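When the count follows full-length UniProt numbering, it moves up by one through the sequence shown with no breaks and lands on 497 for the last residue. What follows is a short report on a single structure.
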Amino acid sequence: MVPRAADVVIVGGGSCGSVLAARLSEDPACSVLLIESGAGDPVPASPTPAHILPIGPGSPRVRLYSTTLRRGLAGTLVRGRGPGGSGAVNGAYFVRATPADLESWGSTIGGGPGRTGWSYGDALPYFRRSENDRDFGSSSAHGAAGPVPVSRRPAGEWSTTTARFVAAAEAMGFPGEPDKNAGGPPGIGPVPCNIDRGMRVDPGSAYLAAAAERPNLTVWTGATVAGLQSTAGAVRAVQVIRDGESLLVEAGTAVVAAGAIETPALLWRSGIGDPRILGAATVHPLPGVGREFSDHPEITVPYDPVPRRPAADPLVAERVPPPILEACLNLNSGDGAVEIRPYTASFGDAVPGNPRMPPVLGAALMAPRGRGRMVPHPTDPLGAPRIEHHYLSDPRDKAAAVAAVDLARGLLDASGIGAPIDGMTPHLGTSQHLSGTCPMGSDVGTSVVDQCCRVHGIAGLYIVDTSVFPRVPSRGPHATAVMLAERAAEFIASGFP
Ligand SMILES: Cc1cc2nc3c(=O)[nH]c(=O)nc-3n(C[C@H](O)[C@H](O)[C@H](O)COP(=O)(O)OP(=O)(O)OC[C@H]3O[C@@H](n4cnc5c(N)ncnc54)[C@H](O)[C@@H]3O)c2cc1C
């Protein structure tokens, strides 16, 4: 006899899973079981300072994966592990997808009159519902009653690096973008962050704080879902490893929110994927699983900072340590969307355990054409997938990268925050924004879920996390992931009386 644990079983208590658990358990008639593989309290007793990223060597809060960023260039991917997932360890930049990003999703998803669409107008109520915008308050563009506090560091408190970078960008004629969450044209401006008094407020703690005590919500941490069982085109149960034991939990509705790497891995382990890869293990053919993904390549330009003289410098008024990014420049050039990031600290200082390293400007391609690919581990079903990013494989991405680095160097020169270090070449890395490994769409040959996040052809099975983005937005994905989960919670709830 398989125990029926809850009406809805959610796999993964990260950014999206936490939102789903909180929203679905608002209905006392709906019982919810949230299963998170990382250990820890669902609502951590002490939040982490936003200027520290706890992702360094040996951190128990992350899992690392190897990737090939481009031929001959290995890279490391980081994913959060534990309540809050990647949102609990990230840079706390909380910027929405743009209207153009969401229009481009619509063309893949195939919405239209009378169908569920993903335009900016469709998404806006859910962006508003998720946030408490401390700067703009409640308006047609913003919410003031949501769980995630959003604020921009006032210009008067900017670090020297930010103040000088913004002044240089303005002097070079780039337009201002005072509110990067207003859906307006790109420019130079402050970064909205999910920070409260210097502390990162991730969706895990923001949403679960209000929900954790509900009798209809159960959270298991340190428990991993090893597989999904489906028969006759419907999900039946999830297989869980908990306290070293394997148990089968009946799932009327199962929602996979294990993130853009572990979600496809779990589908593969459950026989869902491309039959040409899974062979005889195929239970339900869906060739779109892992077929392609998108992520933001980032080229970092290391520099020697000009020594600071806080007392003598009118631009300096540092109080609580700044977040890693206080302001950035977004622009759409002929080669695509670009984001130039004046990081306020070196990643040697911001990431505990990292070696000393110089500060950098980041030049990220925000609408890359190149697509990555993921396939299951060749021999170990529980092993990490094989990941290839294929960064800069498209000549237009290469041209955009060269132009972005030139612009970053120009801004470095003009701002006087430092000088590029001779002999240290710009370094190609990743922004850690991997998305789209199980994309939303109407074509069952290439997509994995429909416009309501239902897995094609398997009743009762949803995927709600960054793996369903048709493509990575041209801003960081976190705010958009939370919006997606807010909206998907409604889709799922509408399946309950
Ligand atoms: C270092 C870093 C910095 C970043 N900085 C930013 C930023 O500043 N701004 C921004 O917009 N984006 C940023 N991102 C990206 C953003 O944080 C992620 O895109 C987003 O949090 C992903 O949300 P998710 O719900 O898809 O997955 P996650 O938040 O990763 O959640 C997945 C959860 O599922 C759990 N899980 C996995 N497999 C299983 C299983 N089999 N059983 C049970 N549980 C499982 C994991 O432990 C994890 O908790 C950053 C990411 C990283 C890693």
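No residue lacks a Cβ here, since even glycine has one placed at the ideal position from N, Cα and C. Note that the structure is predicted; figures quoted are calculated from it, not measured.
Taking D304 as reference, the option from L361, T253 and H296 with the minimal CA-CA separation is L361. Taking all protein chains shown into account, A251 has 16 or more neighbouring C-beta atoms within 10 Å of its C-beta and is therefore buried. If you check the CB distance, E326 and M366 do not come in under 8 Å. Apart from the 5 residues on each side of it in sequence, G137 sits with its Cβ closer than 7 Å to the Cβ of A144 in its chain, given in chain order. Counting of Cβ neighbours within 10 angstroms places A280 among the exposed residues, the total staying below 16. DSSP, read as helix, strand or coil, puts A327 in strand.
As summarised for the stretch 50-90, the continuous beta strand (DSSP E) elements at least 3 residues long and confined to that stretch are 62-70 and 73-80, given in chain order. When secondary structure is reduced to three states using DSSP, R23 falls in the helix class.
A contact is defined here as three or more CB-CB pairs under 8 Å, and the stretch 462-479 fails this definition with respect to the stretch 272-288. Annotation for L266: the continuous alpha helix (DSSP H) segment containing it runs G259 to R269. Within the chosen limit of 7 Å, ligand 1 reaches the beta carbon of Y93 through at least one heavy atom. Using a 10 angstroms sphere on the CB of L217, the tally of other CB atoms reaches 16 or more, which defines it as buried.
With a cut-off of 7 Å, the C-beta of G476 is classified as near ligand 1, since at least one heavy atom of the ligand falls inside that distance.
Not a single heavy atom of ligand 1 lies less than 7 Å from the C-beta of E131. For T253, the secondary structure class from DSSP, reduced to helix, strand or coil, is strand. Taken atom to atom, the span from the alpha-carbon of S270 to that of V32 is near 22 Å. Between P44 and P83, the gap from beta carbon to beta carbon is short of 8 Å.
Spatial neighbours of N332 in its own chain (CB-CB distance under 7 Å, excluding positions within 5 residues in sequence) are listed in chain order as P186. When the beta-carbon positions are compared, L484 and A168 stay at least 8 Å from each other.
Under the 10 Å beta carbon count, R356 is surrounded by fewer than 16 other beta carbons and is classified as exposed. Apart from the 5 residues on each side of it in sequence, G460 sits with its Cβ closer than 8 Å to the Cβ of A234, V235, A251, G252, T253 and A254 in its chain, given in chain order. Rounded to whole angstroms, the gap between the alpha carbons of E157 and A212 is 35 Å. When DSSP reads this structure, P297 sits in a beta bridge with T430. With a cutoff of 8 Å on beta-carbon distance, L24 and I492 are scored as near each other.
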